[in-house]
Each structure stands twice: as C-alpha cells, then as structure tokens.
Amino acid sequence: MTLRTRIAVTFSLLLAAVLAAALGAVSATNRGNAEREVQRQLDVGVSVFQRLLESNRRQLTQAAQAVASDYGFREAVATRDTDTLVSVLQNSGERIGAALVVLTSLNGDVIAASGLHVKAGTPFPVSSAQRSSLAGDGATSLMVDNGRIYQLVTVPVRSPLPVAWIAMAFELDQKAAHELADITGLAVTLAVNSDGRWTNVVTTLPAGATSQTDVVTRRIEMSKWGNSQAAAILSRSLADARAPFERLTKVLFLIAAISLVASAVAAFWLARNITRPLHDLTKAVDQMRSGTYDVALSVQRSDELGVLAEGLHLMQTAVQSRDQSIRRLAYEDTLTGLMNRTAFGAALSEALAVADAGPVAVAVINLDRFRRINEHLGYSVGDAVLTKMAARLAAVPSVHSAVARLAADQFAAFTRLKDAANLQSWGTSLVMALAEPVFVEAQPIDITATLGLALAAGGSASTDELMRCADLALEHARREKRALAVYEEAFKPAARDQLSLLGELRRAVEHDELRLFFQPKIELKTGRITGAEVLLRWQHPTRGLLSPVDFIPFAEQTGFIRRMTRWTLDHAIAQGAVWQRAGKPVGLAVNISADDIGDERFDTRVASMLTRHQMPPALLTLELTESGFIEDPTRALRMLDALAALGVSLSIDDFGTGYSSLSHLARMPVHEVKIDRSFVQGLESDPETEPVVRSAIDMGHGLGLKVVAEGIETEAAAARLRSFGCDIAQGYLYAKPMPLAAFEAWLEGKERVPVIAMPVDFKIEDLTDSVSLAIY
Amino acid sequence: MMTIVQRRRRIVAGVLAALCAHAASAGMVTVDVTTPSGAPARDTVVVFDPLDAAPPPSHDAAIIDQVSKRFVPRVSVVRTGTSIIFPNSDRIRHQVYSFSPAKTFTLKLYAGSPNTPVIFDHPGLVVLGCNIHDNMVAYVGVVDSPYYAKTTDAGTASLNLPAGRYRLRTWNPNALAAVPSQEIAVQAASLTVPVKIDVSSAPTAVGWPE
Ligand SMILES: [Cu+2]
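If you read the sequences in order, they're chains A and B. All residue numbers for the first sequence refer to my numbering, where the first residue is 208 and numbers rise by one. All residue numbers for the second sequence refer to my numbering, where the first residue is 541 and numbers rise by one.
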C-alpha cells in the first residue's frame, strides 16, 4: 500500500469511526429520548387528566354549592317542596350545562331529579362508601349512564346539618377528550366496561389508528358505577414521537456522509501533496544512485519536504563533487595531473580494442637517477621536475596519445602510429622532449631518461602484455645504457625456465649442489698471496657446472640471493676457519649483493657466523657493487659501518663503471676498490683506457684505499698495473678460480708467486667433480 | 376521665345517698353518660320528665350568643315557652335560621342584638343554623319539664329532684341513634344512673326523644 493510500485510508477510517460512534450515540440517545419523552408525556397526560377532572370538579362543586346554599332551596328541601325542588334543579342544571342534577336524601333515595332518566323515589347508585367520601366539600366520581361517561359531583344540602345531597353530572364528551388531547399532545380514549366488555365511548384517535402496534398507553382506571367501570386511556405513538429525532438522525447521517467524503478527498489530496514530492525525490535519489547527478530536485516548497529537497540537493552536489574527486584520485596522478596506471591501462585497452586503426605504440619512460634529485635537492624540487617532465611529455604531438605517470620516476605514453616504421622517431621525439635541462628555481637540472618501446601491431596484444614488453625494453635499454630500446622477442625471459630455476636453486642450497671456488689474490709488487676471492659454482645435476651468470641475476631478481649469500658466507667462513686453525690463514673475499645490504640483520648474521666458526674478522672481505648502495645510500652506509665495526674489510667491486663518486667513497668505511675487468682488459687493446685506469688507481689511493685489479690475463697488463701502483691483482695470469682441493693443492707450500708470473693452470682431472670452467 | 374503680365508688356513694335521703323530700340524681367505649359524653341533654305531676308552664328567657362564628352555647335546653335572644358578638353579620318543625324561623342578616327574641313554644329539638356560615350549628332542646341538665366534660349531670318517679330522656347532638327513655324512681337517697350513648365525630341531630 502506498503512503498516499495509507494516509488517506487511515484518515477516512478514523473519521468514519468517530462519525459512527457519534451517530450511534446520537441515535441511541434519540431512541431512548423518544421513549422517555413518550413516558414523560404520558405522565404529564395523566396528571393533566386528573387536573382536568379536578378543575371540572371545582366548577361543578361551586355550581352545586351555589344551589345547595340557596336559602330558598334549603327551605324547599326542609319543607320537601318537591315541585319547587325539581324546578330549582332544572333551572340550575340548565344554567351550568349539567347533564343531570339530582337531590337525594342522605340515604341516597332520589328526592327530585332533572335530566337523564333518574326518577324520584329511586335509589341513586352512589354507594354509601362513595357518599361518605363525598361528604367533604363536593367529591367527584365518574358515572356511567347509557354508555356515556359523566363526571359527578355531590355536595350536601345543609339546614344547617346535611339533610340531603345534590349531585350534578357533566358528560365527558368528545369535546372534553379533544381538549385534553390538545393540552397533552396525547391521544385520549374514554372507555366503558359494562357487562364485562370494554367499549370506547370517545376517542381522539383517528379512525383505524387503534391497531397501531408501536403505541405506548397509560390507562387510568376510574371509579366504578354500579356494574359499570370507566377508564381513560392516554396513548402516544412511538413512531410519531421518534419522528423528529429520526429526522435529526437523518440530517446527521447526511452531514456525516458529506464530511466523510469531503475529508476523504481532503486526506487524499493532502497525502498526494506529500507523497508526490516524495516520489519525485525518490526518483531523483534513484538517479543519483545510478550516477546521474544533474537531476533537478524541483520541489519548490517551504515546508519540511522543501527542506528535505534542499538537503537532498546539497547532498547531490556534495556527492557529485566527491564522486569527481574520487574519480580523479582513482584515475589521475595528483602531482602531475596525468593519468595514473589504472586510467592509462583503461585508455590503452580502449585504444587496443580498435582494430585496423594503425599500430599502437607504448613507451615506458624512466627518469635516470631521479632519486638523487630528491635526495640532494629535496622533494619539492623533485616534484617540480616531475611536473615539468609530465608537461613536456604531454606536449609531445602525437596522434591519439595518452600520457601517464606510473610510479615515482616512471612515465608511460602510448600513441597510434600511422606506420610501424614511425616507432623509432616517436620514441626519439619523447627522448628529445625530456633531454633539455629542467630549470627549477632558475637552477638547471640535468636529467636524462631511458625509454622502453613496444608496438602492438595487431589487435591481439593485451594491455598487460604490451606494458610488460615496454618494461622489458626499458630494462634492456638501461642494461645496455642506451637512451631507448625497442622491444624484441629476445628480451622475453623464458618464464618457465625461470620458475623451475627457482625451485632448482632452492634444491641446490638444500642439497649442497653449490660449490665454492677460490681465486688467489696476489700482491703486485711482491707476488705475495694475500688471499682469495670466493666464487660460487653450481654443480647442477643435469646441466653440469653452472657459472654465476647463469643463476646469480635470477637469484637477485627473486630475492633468493640472500639465501645464497648466507650459504656462501657460511661455507667460506667455515673453510677460512679450518685454514686458520691449520695455521695457514687465507684472507677470503666474498661477494654480497645489494639485497644483502638491504637486509637489516645482515651484520649480525655475519658476526654470528664468524663467532660460530671462530674465524678472525680481519680475514674476511666483503665485496659489493656500487648498485648495492644506490638504492638507499643512507641505509647502505649504516650497514657498511656496522660491518666495518665487526672488523670485516669492505671492497667496492666494479669500481669505475658505476655512479660512485669521490664524495660517496670518502664517506664509506671501505678498505679497497676493485677496478673492473673491462678496464683492465682494455689496457691491452684500447690506449684510451690507460688514463682512466690510472686515474682510478690514483683516486683509490687518494682516498687511502687499496686498489685491486681483476681479470689480469697477461704479464704486460700486470706490469702496467704495477707501474700504475695498483696494489693487488687477480686473474688467469696467476690462477683461474679453483675448487677447494685444487686451491689447496695450488697453495701448498706457496707463500708467493713469481712476480713475473706464468699462467698456471690446473688439470681438469684435479676437480673432484667433472666441471667445465666458466669465466666469472 | 374516670377510671372504673372511681366510677364504682361513685355508684356506691350514689346508692348510699339514695338510702340516706329516703326520709327527705328530695334526692340527688346523677346521670353518668358514657359512650360505648367508656368515654364521657359531654353536652348530653338530660331531661327528667316528672310522671307524678305535670310541671307548670314557663316563661323563662335564655340567650344564645354568636361568638367567633359559633353559637354559644352549642347545646341548650329550655322549657317550652322560653324566649331566646340571639345577640351577635361578632363583627360580622349572621343570619340565624331554623327549619326544625318545633320552631321554624329566620332572623334577617343582622349585627349586634336583634330586637325580637324568638319564643320556643313547642317542645322538641330545634337545630339552628346560619345561612351564611354552614358550620354554625346550635341545638336547642325544648322540654316541658323543669328538671333538665347538660353533662359536664366528665359526662355527668347531677340534679336535686323531689322524690317521685321520672322518665329520664337523654340526647346528644352527635348520637348515632336514639337512647331509650327509662323510668327512674327518686327517693331521698342519691342515685346514679349510667347511660350509654353511641356518638359519631360529626353532629347527627338524630334521635331526639319526644
Ligand atoms: Cu353566620
């Protein structure tokens, strides 16, 4: 049931109930009233009837007394002058209109009479009891004669004691009945019972109305007269009495019906007035729910509904703006105003969905070394740089393009090319756009970007796939240190291989499939053996002995490298401790990765291993590449400090290739640097390498560090490095990395190698496992 | 009101008095009139008609006054031939009349004392009325005998009668019936004669003994 119907019906029912109750009460009251009224009228009627008789009696009595007290009459009575008496009676009877005047003796014998058929000498039928009751001043009784009713008064004749009675009778005729009826408003019937049968003498009831059933009567029994009896019957029709009340009830019913209909209409109208705006509002709210916010809430009212509508309108506006800002947050990068990854993905897939509209090219752009801008110049400058870069990217004219910021320093763009051949030039235009220095607060900031490009030639490519291809291209470009790279199938790693590789690596660690190889480190000046670098090989059950390049990058990617480092350190330290206890201490250098530096508990792990195996920390050198502290230099520095505090030596690997600067190195607790093998090998072929190597060695020395050169294969290179002042050498010139037994054999009885060394090789048979040696 | 003991004592006294008066010429006769219920019947007329000798005619005079719309006295006994004067002591007028056969007369409406007395020259009962005031009723017993009396409030009447025989008549205006006359022999001794009379509350004026 709708609210409108409910209100209307409730109102109407309520009113109907009230009206019904009121009408019922009125009706019941009326009914009761009518009956009470009739009873009251009858009471009054009886009283009036009796008063009428009394009044008649008084009149008659006076008339009779006037006769009785006439001296002449008394004299006539005293002298029994019958003729005179009759004439007097006749005269007085005619004078007052009496039907009968009788003079009787005290015994009731008629002395003289006038009227009717009463004869002198006959007894007048007033009983002695009646007579004695009449003895006062004219008592009354009713007399029945010949079917008629008379009112009779009797007064004594005194001379001076009562000697006779005068009785006078007046007929209660139709006139008297009507008079009574007029006064009382009742129907008056006078009835006589003679011979046991009641006959109506007079009645004011209309003819034929006597059979009415709904009549209330009151019967007044009057005195007996001989064998006859008279009664007056007063009656009133209940229907007549009710008629005015019923008229009133009818009027009330009419009023009730009219007001019920009127109020029902009013209630319906009122309800509609309430519910129509409610309905409108509900509709508006429904539309808001479905995201349509521009529905007009047009309830122009000043009442509560108006307030509600106004409130809903405000809510609508608020929801709309919140919705927009949520959309912005969800799909927009707040800093640059570009799309975010989600929006970009959506836009890209939309673009991809359009088939044969030309190839879609995607570029993933990474700002090189952006972290350092944040670190050195502050985040506000970093943000400014990002904003400007974003603006530049957005300004690159492209066909149907979109630009997004994917991560901190990573952007992406896609465009629809006319031709796949245009890919390179689009990529170049993006690089060019970013190439110029950025001015922040009038300060030029040099920043370069690396791009990965991928092309969706057909409609087959998915968004994710395309993005991943671009990512791989970017990775490739960074690895190749090129500004941009276009994705090739070859970039895609054998995903399945990698997955199984992880499991195999795990197994390798658990089943001790890994092997430690040792490569001696030689002091260039003296040929003294200063120690060995510990290198890792994997004795794969099916693929044979694997070089670190085959699994270390993968281990680094998956984070498994930590486990492997722990394994390597544990075994290396254990071995070092063995040698230490044997009185032949060997300094061991172990490579650690950036991941290990990022491990907060790394120093305590190292310390506990040293303690456990009881190897002096001084015998341990940890080698790490610069990339190990590029990610989070502060944290890396803290770790290096902690490691240095253990008494462990630290060495920077691949010195010269990375981004390390003097200022960086100066702050680090590093003991040596290791010049990358590419420089060392370049010494032979590329004359331009020499100053680089030389300055690198000088730089290391300048910082008070030992300088290690690795990858030395020729005596010439060794001689050159020696002349440059390089401290320690490592390479095939002296020894390849060797398994434990071979290394121990090599080391046996040796404290130094000839300064002018000849390359020494070990026989393949020396290996306990059949391995193929690979170069690390 | 007399108790039975008192009355018995009185009767005894009356008998004793009658015995004592035997030698004397006259005797005291007391008539004690009571109603059947034993109540004294006052204003009862008591007449002793001497049977031995005829009484002499009388020319007495009597007065029946009208005071406060009443005849005073209400009951009178007079000898035949007595003239009665009806003065009017009220300030209103009265019209005295009688329709009694013993004396029928009417005195025209008057105030003060009328000029002429009315002579009651026939024995019998005369009922007087006032034509104006129906409640004014007086009774006059007209008798030949000089021996008559009216009972007091005690219902008794006492007379000194010469010895001899008498007819005792008694009448009361309220009597319901006539009381039979009785013969009384009076001697010197006192005598008490009890009489029973039945009365109603209203006057009846019946049973006047002739
Ligand atoms: Cu009078």
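For glycine and all other residues, C-beta sits at the position ideal for the given N, C-alpha and C.
CA-to-CA, the gap between GLU301(A) and THR291(A) works out to about 15 Å. For the pair LYS736(B) and ASP592(B), the Cα-to-Cα distance works out to about 26 Å. Among the residues of chain A, those whose CB is under 9 Å from the CB of PHE639(B) are ARG281, GLU282, VAL284, ALA285, THR286, SER366, PRO367 and VAL370, following chain order. Relative to ligand 1, even the nearest heavy atom lies 7 Å or more away from the CB of GLN272(A). Annotation: the continuous alpha helix (DSSP H) that includes VAL253(A) extends over 210–275. Note that the stretch 631–639 of chain B does not touch the stretch 581–599 of chain B; fewer than 3 beta-carbon pairs, one per stretch, sit closer than 8 Å. In this structure, GLN272(A) lies near VAL362(A), with their beta-carbon atoms less than 8 Å apart. The contact set of ALA745(B) on chain A, defined by CB atoms closer than 8 Å, consists of LEU368 in chain order. Taking a C-beta distance under 8 Å as the contact criterion, THR406(A) and ALA398(A) qualify as a contact pair. When DSSP states are grouped into helix, strand and coil, ARG631(B) belongs to the coil group. Contact between the stretch 618–627 of chain A and the stretch 561–580 of chain A is present, with at least three C-beta pairs closer than 8 Å. With respect to the 8 Å criterion, ILE572(A) and LEU637(A) are classified as neighbours on the basis of their beta carbons. If you check the C-beta of MET350(A) against ligand 1, you find no heavy atom less than 7 Å away.
Annotated as proximal: ALA697(B) and VAL586(B), with beta-carbon spacing under 8 Å. Under the DSSP assignment, PRO367(A) falls outside any alpha helix (DSSP H); it carries neither an H nor an E label. GLY889(A) is not a Cβ neighbour of LEU827(A), given a cutoff of 8 Å. Between SER299(A) and chain B, the shortest Cβ-Cβ separation is not below 8 Å. Not a single CB atom of chain A sits nearer than 8 Å to the CB of ASP589(B).
Linking THR524(A) to THR489(A) through their CA atoms gives a straight-line distance of about 16 Å. Contact between the stretch 618–625 of chain B and the stretch 709–723 of chain B is absent: fewer than 3 CB-CB pairs across the two stretches fall below 8 Å. Listed in chain order, the positions of the stretch 266–280 of chain A with a beta carbon within less than 8 Å of a beta carbon of chain B are SER276 and TYR278. Residues of chain A with a Cβ closer than 7 Å to the Cβ of ASN671(B) are, in chain order, TYR278. Look at the beta carbons and you see the stretch 789–805 of chain A not touching the stretch 745–754 of chain A: under three pairs across the two are nearer than 8 Å. Burial check for GLY938(A): the Cβ neighbour count within 10 Å reaches 16 or more, so the residue is buried.
Per DSSP, the unbroken beta strand (DSSP E) holding THR832(A) starts and ends at 827–832. If you compare the alpha carbons of THR396(A), LYS913(A), ALA437(A) and ALA227(A) with that of PRO876(A), the shortest gap goes to LYS913(A). Relative to ligand 1, the beta carbon of MET676(B) is positioned inside 7 Å of a heavy atom.
When C-beta atoms of the stretch 432–441 of chain A are compared with those of the stretch 451–462 of chain A, fewer than three pairs fall below 8 Å, so the two segments do not count as touching. Within chain A, the residues whose beta carbon sits less than 8 Å from that of ASP674(B) are SER276, ARG365 and PRO367, listed in sequence order. Annotation: Cβ neighbours of VAL677(B) in chain A (cutoff 9 Å, chain order): ARG365, PRO367 and LEU368. In this structure, DSSP gives ALA516(A) a helical state, which the three-state scheme calls helix. Sequence-distant Cβ neighbours of ALA642(B) in its own chain, meaning closer than 8 Å and more than five residues away, are PHE660, HIS662, PRO663, GLY664, LEU665, VAL666 and VAL682. Under the three-pair Cβ rule at 8 Å, the stretch 242–249 of chain A does not count as touching the stretch 480–494 of chain A.
Within the model, the alpha-carbon separation for ASP860(A) versus VAL647(A) is close to 35 Å. The beta carbons of GLU539(A) and ASN547(A) sit closer together than 8 Å. Excluding five sequence positions before and after VAL233(A), the CB atoms of its chain that fall closer than 7 Å to its own CB belong to THR456 and LEU459, given in chain order.
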